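Okay, structure first, notes after.
Residue numbers (the working numbering): 9 to 252.
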């Protein structure tokens, strides 16, 4: 049902791009009104949410492992190990997309929303890199990705209800935990797997940058209990994604 809704939404894109489409005529007419009605606000907000759900673009940065040769000495066991690790990382990036979109939906300022969407685009690069590496290893992504995505949207929205500083605090702590997680995966990699190593090192650098960005923009320090809940939730996702 969700896929069919997406196809219908995509089929309407041309209407929004047309200068004289009913959609754009509606937006221009609404724009000249002195006040938005509740229905107008709902329609405009709904369209913004759909755009964020379906139209987040990656930055198109180069694949970190593009010029690195695949190791011919990697054993079948190690190949399976790396695939499992990358399936977890891919699921994490799916969650990151949902988290940033959830934050953007309820962002209180335009600057905050743009920051969240910019980070989402950078995370989309990570998503594509992980997926490409999994394909190179002839593996599969987690069947629970839709669950991680939808759940993360909800978490992102909940953490953004009160104010933007709390949302930034959530981002800072999330990226800290993700960077630590990636470092643990780097240490588990077979020594001859230079391709995956290069991908995870770049991802870790980006995550640390995102955390620092949240910090310098006034992130609120989260309570110890909330940090523990976040860690436990992430561990459930990692455990399940490692298996399927």
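Ideal Cβ positions, reconstructed from N, Cα and C, are used throughout, including at glycine.
It should be emphasised that the depicted structure is a prediction, and the values quoted were computed from it without experimental measurement.
Item, Value
"Collapsed DSSP secondary structure at residue 168 in the structure displayed", "coil"
"Straight-line gap, residue 246 to residue 99 (C-alpha atoms, nearest Å)", "8 Å"
"Distance between residue 203 and residue 179 (C-alpha atoms, nearest Å)", "28 Å"
"Minimum length 4: unbroken alpha helix (DSSP H) runs contained in the stretch 197-226", "202-224"
"Within 8 Å, strictly: CB atoms of residue 205 and residue 164", "no"
"Residue 118 - DSSP class collapsed to helix/strand/coil", "helix"
"8 Å Cβ cutoff met for residue 136 and residue 78", "no"
"Residue 248 versus 86, 97, 76, residue with shortest Cα-Cα distance", "97"
"Residues near residue 268 by beta carbon distance below 7 Å, same chain, minus five either side", "Here the chain has residues from 9 to 252 only, and residue 268 is not among them."
"Exposure of residue 102, with buried meaning 16 or more beta-carbon neighbours within 10 Å", "buried"
"Short Cβ contact (8 Å threshold) for residue 183 with residue 134", "no"
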